[in-house]
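Residue numbers for the sequence shown follow the numbering used here, beginning at 55 and rising by one.
Glycine included, every Cβ here is placed at the ideal spot set by N, Cα and C.
All values derive from a computational prediction rather than experimental measurement.
The structure appears below as structure tokens.
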Amino acid sequence: MLAKYQAPDIPIDEKIVRLHQLAWQPARFAHPSWLVKMGLRSEKYHYGDCQTLDNILNRQLIDWRGFPKQPLPAVLTNKQKAQMALERRLDAVCMALGLVSLRCSDYLRIRHYRQALYPILNDEDVCQLLGIGCPGERAAILSPEMLPSIALQLGRGILHATSSAAITWQALSILLPPLPRAIWLPSADLWLARLERLL
Numbered sequence: 055m056l057a058k059y060q061a062p063d064i065p066i067d068e069k070i071v072r073l074h075q076l077a078w079q080p081a082r083f084a085h086p087s088w089l090v091k092m093g094l095r096s097e098k099y100h101y102g103d104c105q106t107l108d109n110i111l112n113r114q115l116i117d118w119r120g121f122p123k124q125p126l127p128a129v130l131t132n133k134q135k136a137q138m139a140l141e142r143r144l145d146a147v148c149m150a151l152g153l154v155s156l157r158c159s160d161y162l163r164i165r166h167y168r169q170a171l172y173p174i175l176n177d178e179d180v181c182q183l184l185g186i187g188c189p190g191e192r193a194a195i196l197s198p199e200m201l202p203s204i205a206l207q208l209g210r211g212i213l214h215a216t217s218s219a220a221i222t223w224q225a226l227s228i229l230l231p232p233l234p235r236a237i238w239l240p241s242a243d244l245w246l247a248r249l250e251r252l253l
């Protein structure tokens, strides 16, 4: 008599599960602006209420975003795991990218600008940005009240442009509002790699 084969219990990495969820169920996690773009009232839609609608929205978002186009990995590299771990600080990454693109260190050095960045970026985050050499040759032209929203919007645009190369950023980008166009920042990949280690 043959013994029954039992597969070993292999723990499933939560980051790979999250990557697949964001990729294949985008309507479940989409920023409300994606739903508005699709003609829905985001406050009226609740994922799970109607599976047919959920499936239609998932397919539509996958088509619009062009992601995923191929099977996703079953295992993540250490770099991809680190990128997925940044989900909880995605706005901080975007704001930091936006500040880098503004090229004004006064936004990081002057107290009323620093205070305007709270709670997304704290003092430690700002010091780290200064420490890694955030460019700063331009003069401050934004008011402290305008800085957070502009830096965040710029950073989101840069991340959308950068995300085309990395499946992790492509998956995470559904959590950001859709943008009419991506913003190009020279050396964005280099800055993103630095921020991945810091934030």
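| C-alpha distance - residue 162 paired with residue 105, whole-angstrom precision | 47 Å
| query | Does DSSP classify residue 117 as helix, strand or coil? | reply | helix
| query | What's the call for residue 188, buried or exposed, on a 16-neighbour Cβ count within 10 Å? | reply | buried
| said: Quick check: the stretch 136 to 155 against the stretch 204 to 216, are at least 3 beta-carbon pairs closer than 8 Å? | reply: yes
| request: Closer than 6 Å by C-beta to residue 82: which residues in its own chain qualify, once you throw out the five before and the five after it? Chain order, please. | output: 101
| DSSP-derived helix/strand/coil call for residue 125 | coil
| query | CB residue 85 to CB residue 212, shorter than 9 Å? | reply | no
| Are residue 80 and residue 221 closer than 9 Å when you measure CB to CB? | no
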